[in-house]
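Data block below; observations after.
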Amino acid sequence: MPPKAISAETAELIELFKSIGLTQSKAAEAAKNPKSASTLKDIIEKKNLSTQDLDEKSGVLLAAFAVQGSKLGGDEQEYAVDAILDGRLKSTDQVSAAVKYLETHSAPVDQADFEKECGVGFTISPTELASQVTSYVTSTAASGWANLGATIGALKNTDLRWAHPLDLKNAVESAFTEKFGAKEAAKPKTKEPKKETTKAAASSEQSNATASSSKSVFTDGFLGRLHKPGENPQLHPHLRDQHISATGGIVYTRFPPEPNGYLHIGHSKAIFVNFGYAAHHGGKCYLRYDDTNPEAEEAQYFESILETVRWLGFEPWKITYSSDYFDQLHELAVESIKRDKAYICHCTGEEIYINRGGDERGPRKACIHRTRPVSESLAEFEKMKSGGYKPGEAILRMKQDLESGNTMMWDLVAYRVLNAPHHRTHDKWKIYPTYDFTHCLVDSFENISHSLCTTEFIASRESYEWLCDALEVYKPRQSEYGRLNVTGTIMSKRKILQLVKEGYVNGWDDPRLYTLIALRRRGVPPGAILSFVSSLGVSTAASNIQAVRFEQAVRQYLESSAPRLLMVLRPLKVTIENLPEDYVLMLEKPLHPKVPELGTSVVPFTRTIYIDADDFRLEDSKDYFRLAPGKTVGLFQAPHPITCTSFKTDPTTGEVTELICRIENEGEAATKKPKAFIQWIAEHAPTGSPVRVDETRVFHQLFKSENPAAVEPDFKADINPDSLEVVKGAMVEVGFWPLAKRAWIEARKESKARTDKALKSTEQTVGDTSPHDDTPKATSEQLIGKECIRFQGLRVAYFAVDKDSKLSCLEEGDEFKPIRKAGDIVVLNRIVSLKEDSGKAA
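Everything in the sequence shown is counted per the numbering used here, starting at 4 for the first residue and increasing by one.
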C-alpha cells in the first residue's frame, strides 16, 4: 500500500474540515481525495463556514456533496450547499439526488421541482409506512421471502426511498411475515435426510438470510451497476479481444493485501466484495500478496491472511504474489523509459515536495532531471538495478502531468532502491516497484475485469489508467466503494503493535481487538461477519459503524444457531431442605426452544443446586420477581418452583453463602405458575455436574470513546482499564461435554471436505503460475479451532471456548464419557451479551 504519512497541507485541510463539525477521522477521510478535498475547501472558504459553528451532520453532508458534486458548475454547487445549510437536504441520499438533478438542470433552478426530486420535506409515520408497504406487497406478484431484496429495491424507486432504510426494511419484513408466514416456516419443504447434522440445521436460517441479502448486494446498487466483462474501455480494440479470449468473458477479481500485518474487520468487506462479486457472477478471484515492500513483510502474515480468507468461507482461485511479476515489471519499467514516460530522478523527498508546491501550495515545477535524455535514464536505471546507488539516491519517476489538479498525476515514484532481501526473490533485486507502478500492471497481467477497491484510491484511478495506456497494455477498470470503519476501536497496524508490545492487550488475537483473528478467538462466527457486511450494503459512502451495532448483528445471528445451556456465572449454593440427600431426577431439556434439530440435553436435579448470586437479594420489593427470603421462584426446566426459607452468611464478611429452600411439590403452590424463572446447576458427582469453568473472560470495549485516535495526548490515554473482567468458578450444565464433542466433530468434517475440494481445485488451476515452496497451502487446521464450540449461557450471554482450554473429550473416540478428565482446563470467552429482559433487569 502507498505510504500514509500526513503532509502539512493535509494536516491543514483536516483542521479546516473539523471547523465545520467533522470529527478527526471524518475530516481525515475527507482530506484523502485531492479533488473532493479541494471542492470542500472552496465551499468552506466561499461561505465562510469555519466560523458558523456547524454541527457534525451538516459537515458530513457537505463532505458527501464535495465528493459527488465536484463536477457541477459554481451556481449549481452554491444552490446545493444552501439547501444543505438551510436544512432542506437532511440525508446523504437527498444529497445524491440533488447532485443527480443538478447535473441535468442548470441554474436558475426550479425550486419546487428540485425539492420534489430530492424528497425535501418528506415525512411519514410508522403507521403510514406500514400501510403503504403492505398495500404494495399485496398488489405485487411477490411469491415468497426470496423476493424480499427485490421488493425493497423496487420500493426505493418510489417516494418511500426517503424513508429511513431500516424502517423501510422492517416494514417490508413485517408485510412479508403477514403474507407468507415466518421466514423459517416459509421455506420450501425438502425430503428429510435420514440424519441431518446439527450444525446444518441450526445454521440454515442464517445461511438463507445471508445468501438472500448477499444476492441483492451484488445485483442492486453500486455493484449491480458495474460494467460487464469486456465493457471497460481500451486504448486499442485488440487489447479487449485478447482479454476476452484469455478470460472467456467471465468476471475476474482479486483481493490484494499487503502482508505486513493481520487483517481487521475493515478487510472483511474487501474480502466479501471481491470474492463475493466473482462468485455471484460465476467468476474467479485471486488472493494476491502485494509483497513489494520486503522491509515490512513476515511469513506469519502470509499464513494468517490465507487462513482468515478461508475462515470467512472463501477459497482463492489462485494464490499469486506481486513478486511473481518482478521480471515483467522491470521490463515494462525499461519500456516506459524508452517511451519517454519515465525518468531517473535524484531529488530528495523534500525537494520533490517543494517542486510540488510545498507548504504554500504554490505553483508546481518540473524536476531538473525530467528532461534528461532517454539513454541517460536507461543507463541510470541499470545502475540502480546493479546496486550502484544507495536508498534515496535515485528513483524512477513516471512522467505524468504536473499541471493536473490530481496529486496522483504529479510524477509518481515507480521504482526505488531498497537494500533488503526479499522473502521469495532473496538478493536478486536491489530495486523494487512501488504500489502505484505495480498494482495496475499486475491487474493487467492477471486479466482482472473488475479492480474493486475503497474510495481512498479514487484519485489513483487516473494514474492507474494513465500507466496502462502509456504502456499500451490491457487496462482493467478500477471501481471504488466506501470502506468499513468500526468506531470505538482502532485498526491501525502501527497502533495495535504498540498495544501488543506495551502489554495493553495480549497479542494480535486479543478478543478486545477488531482484528479478524481476535474476533475469531472471541467466538464470532464467520457467517455473522458476512451477514453484517452484507446488511450494510455496498456504495461509495464509507460505513462508519458503532461497535454496538456490530455486536447486535452477531447477537441476532447467534440467536437461532447457538445451543442453550444452563449456566451460573457467580454460583450461590442452594440446599432444598424437603428433598432427601440421595434425591436425583434426570431431566431432558431442549438445547433450543425454537430449533428442535439442535437436540436435547439431560441434566440432573438434586437436593443441592447452585443459582446465580445476582438472582437473590435480601431486600424484597414489589417489582422484584426473583429469589428473596420468603419468596417463590421457578427453576428453568425443573418440575417445581422453590421458596427461600432461610439463608446462611459468612460470619466475617456478612456475605450470603447458602440458601435454604423448600421445593413446592405439593398443594396449590405446586401448580401455581411463578412470576419468574431462574437458571440453576445441580451438584451430582456421578454425572460430573456441575462443569466448573476455570476462567470466564468477559470483554468490554477497549476504549472509552468512539474515536480513540482523536484523544490527547494519544490514543492510549483512552484505554478502558476495566475492559477485561475475569470471573473464576462459573458453572455450566453437563450438556457442555457432548455439545463440545459434537461441535468439534462437525467442524472437522466440514473443514476436511472444504480443504479436499480446495486442494483438488488448486491442482487443476496451478498452470504456469506454479506456487513456490513457501506459498501457504490450504489445510484443515486453518478452519478449525476451539472457538467453534459456542453456546448461549441461559440468561447470561453467548460464549465460546478459548484456545487456552484443554478438553480431553475432543481427542477421544466417539464412545467418550461426557465428564471432566484430569488435566482439563475450561476457559470461556464472552462473545456478546444478551438483550436485557424485564425479568433479568428486575
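By construction, the Cβ of each residue, glycine as well, lies at the ideal position given by its N, Cα and C atoms. Please read these numbers as outputs of a predicted model, since none were measured by experiment.
| query | result |
| --- | --- |
| Three-way DSSP call (helix, strand, coil) for Ala203 in this model | No answer about Ala203 holds up, because its pLDDT of 40 lies below 50 and its placement is not dependable. |
| Contact under 8 Å by Cβ, Lys590 with Val577 | Just to set this straight, residue 590 is Leu in the shown sequence, not Lys. Cβ distance not < 8 Å, so Leu590 and Val577 don't count as in contact. |
| DSSP three-state assignment for Ala188, whether helix, strand or coil | Since pLDDT at Ala188 reaches only 47, below the 50 mark, its modelled position is unreliable, and the value read off the structure follows with that caveat. Ala188: coil per DSSP, three-state reduction. |
| Cβ-heavy atom distance, Glu176 to the ligand SAM, below 7 Å | As far as ligands go, the structure on display features none, and thus does not contain the ligand SAM. |
| Residues that Gln549 bridges to, as DSSP identifies them | Thr490 |
| CB of Tyr280 within 8 Å of CB of Thr256, strictly | yes |
| Segment contact, 8 Å Cβ cut-off, at least three pairs: the segment 786 to 797 with the segment 753 to 760 | yes |
| Coil, strand or helix - Lys344 by DSSP | coil |
| Residues of its chain near Glu104, where Cβ-Cβ distance is below 7 Å and the 5 sequence neighbours each way are ignored | The residue you asked about is not Glu; residue 104 is Tyr in the sequence shown. Cβ neighbours of Tyr104 beyond the five flanking positions: Phe117, Glu120 and Cys121. |
| Simplified DSSP assignment, three categories, for Gly770 | Bear in mind that the predicted position of Gly770 carries a pLDDT of just 44, short of 50, making it too unreliable to give a figure here. |
| Residue environment, Thr54, which counts as buried when at least 16 other CB atoms sit within 10 Å | exposed |
| Residue from Ile493, Asp439 and Phe179 whose Cα sits closest to the Cα of Ser139 | Reading off the sequence shown, one finds Tyr at residue 139, where the question assumed Ser. With distances taken between Cα atoms, Tyr139 lies closest to Phe179. |
| For Asp265, the nearest candidate out of Gly233, Leu238, Glu300 and Pro232 (CA to CA) | First, the amino acid is wrong: residue 265 is Tyr here, not Asp. Measuring from the Cα of Tyr265, the nearest candidate turns out to be Glu300. |
| Beta-carbon proximity check, Phe794 vs Pro514, cutoff 8 Å | no |
| Which residues DSSP lists as bridging Ala800, in chain order | Gly796 and Ser836 |
| Lys21 - DSSP class collapsed to helix/strand/coil | helix |
| Length at least 3, wholly inside the segment 279 to 309: the beta strand (DSSP E) runs in chain order | 287 to 292 |
| Euclidean distance between Cα positions of His239 and Gln331 | 21 Å |
| Top-ranked residue by Cα proximity to Lys634, from Ser624, Pro642 and Ala641 | Ser624 |
| Own chain partners of Ala685 with C-beta closer than 6 Å, once the 5 adjacent residues on each side are dropped | Pro607, Phe608, Thr609, Ile612 and Ser692 |
| Neighbourhood of Val835 by C-beta distance below 6 Å, restricted to the same chain and skipping five residues each side | Glu554, Val557, Arg558 and Tyr801 |
| Residue of Gly285, Glu475, Glu600 and Glu814 minimising C-alpha distance to Arg751 | Glu814 |
| Contact check, Val508 vs Leu516, beta carbons under 8 Å | yes |
| Segments assigned alpha helix (DSSP H), at least 4 residues, entirely inside the segment 55 to 121 | 59 to 71, 77 to 88, 95 to 107 and 114 to 120 |
| Cβ pair count under 8 Å reaching 3, the segment 245 to 261 against the segment 410 to 428 | no |
| Where Ser378 falls, given that 16 or more other Cβ within 10 Å makes a residue buried | exposed |
| Limits of the unbroken alpha helix (DSSP H) element including Met387 | Val377 to Lys388 |
| Cβ-based neighbour list, Arg629, same chain, cut-off 8 Å, excluding 5 preceding and 5 following | Asp618, Phe619, Arg620, Val636, Ala679, Ile681, Gly842 and Ala845 |
| Sub-8 Å separation of Val175 and Leu151 beta-carbons | yes |
| Check whether Asp615 and Leu575 have beta carbons under 8 Å apart | yes |
| Span of the beta strand (DSSP E), counted from its first residue to its last, around Arg3 | No statement about residue 3 is possible, as the shown extent of the chain runs from 4 to 845 and does not include it. |
| Neighbour-count burial assignment, Arg833, 16 or more Cβ in a 10 Å radius | buried |
| Classification of Ile493 by the beta-carbon crowding that lies within 10 angstroms, buried from 16 upward | buried |
| Under 8 Å between C-beta atoms of Tyr438 and Thr295 | yes |
| Euclidean distance between Cα positions of Pro262 and Lys496 | 11 Å |
| Among Glu669, Met412 and Thr311, the one whose alpha carbon lies nearest that of Glu465 | Met412 |
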